[in-house]
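Worksheet: one structure, shown below.
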Amino acid sequence: MTDGVQIQLTLSNEEAAALHDMLDRHLSTLQYLEKNQPQNVSDQVELEKQSVIHLIMAIDSSMRRGSMQ
1 MTDGVQIQLT
11 LSNEEAAALH
21 DMLDRHLSTL
31 QYLEKNQPQN
41 VSDQVELEKQ
51 SVIHLIMAID
61 SSMRRGSMQ
């Protein structure tokens, strides 16, 4: 197991969908910046992009589990 922080968050389906949409837009912005910025900026963008991707995946997984119950 890797070191990290575990966050438990309870959201309504609408809140989770809104957060997912916001993170998708943020990811699009980061991908644009990654393609159009100098290398020293793209390293930080890559780190932030990976964080956003992990959050999106966690929301997706949680929403799928919730819909199965």
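Residue 37 in UniProt numbering sits at position 37 of the sequence shown; the count goes up by one each step and never skips.
Don't be surprised by glycine CBs; every beta carbon is placed ideally from N, CA and C.
Nothing here was measured: the structure is a model prediction, and the numbers come from that model.
Presumed contact (8 Å Cβ cut-off) between residue i and residue j, rounded CB distance
{"i": "residue 59", "j": "residue 19", "result": "6 Å"}
Residue i to residue j span [Cα, whole Å]
{"i": "residue 1", "j": "residue 8", "result": "Residue placement at residue 1 is flagged as unreliable, the pLDDT there being 48, under the threshold of 50; a coordinate-derived value is accordingly withheld."}
{"i": "residue 13", "j": "residue 61", "result": "13 Å"}
{"i": "residue 21", "j": "residue 63", "result": "13 Å"}
{"i": "residue 47", "j": "residue 37", "result": "14 Å"}
{"i": "residue 39", "j": "residue 65", "result": "39 Å"}
Short Cβ contact (8 Å threshold) for residue i with residue j
{"i": "residue 45", "j": "residue 33", "result": "yes"}
{"i": "residue 11", "j": "residue 56", "result": "no"}
Same chain only: Cβ atoms within 8 Å of residue i, ignoring 5 sequence neighbours per side
{"i": "residue 49", "result": "27, 30, 31, 34"}
Residues near residue i by beta carbon distance below 6 Å, same chain, minus five either side
{"i": "residue 42", "result": "34"}
{"i": "residue 16", "result": "59, 63"}
Nonlocal neighbours in the same chain, by C-beta distance under 7 Å from residue i, ignoring five residues either side
{"i": "residue 23", "result": "52, 55, 56"}
Limits of the alpha helix (DSSP H) - the one that residue i falls within
{"i": "residue 11", "result": "Note, residue 11: premise wrong, no alpha helix (DSSP H); not H, not E."}
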